[in-house]
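Reading through the structure tokens given below for one structure.
Structure representation (structure tokens):
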């Protein structure tokens, strides 16, 4: 990444912070999704709420928190075979 593109990304990230949003790059880093996976989730309506501003996708922080929280799974203790 060039210095100019890094500076642009930092500038966009600061503006997104003021809107209480993640930029797509931060959402991808958090979830370890690929850009294609995030796009597929948006198209299917299965990802977090988002807004599109020009070519940028922003994710409200609370929507990301809710999305991640919905994926929390409780650990089953004891012998799982006995439960079946």
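Numbering (my numbering), first residue to last: 2 to 85.
All C-beta atoms in this analysis are idealised placements derived from N, C-alpha and C, irrespective of residue type, glycine included.
Here DSSP, grouped into helix, strand and coil, assigns residue 54 to strand.
In the structure shown, residue 49 falls within a coil segment according to DSSP collapsed to helix, strand and coil. Residue 52 is positioned such that its CB atom lies closer than 9 Å to that of residue 59. In the DSSP assignment, residue 61 is bridged to 22.
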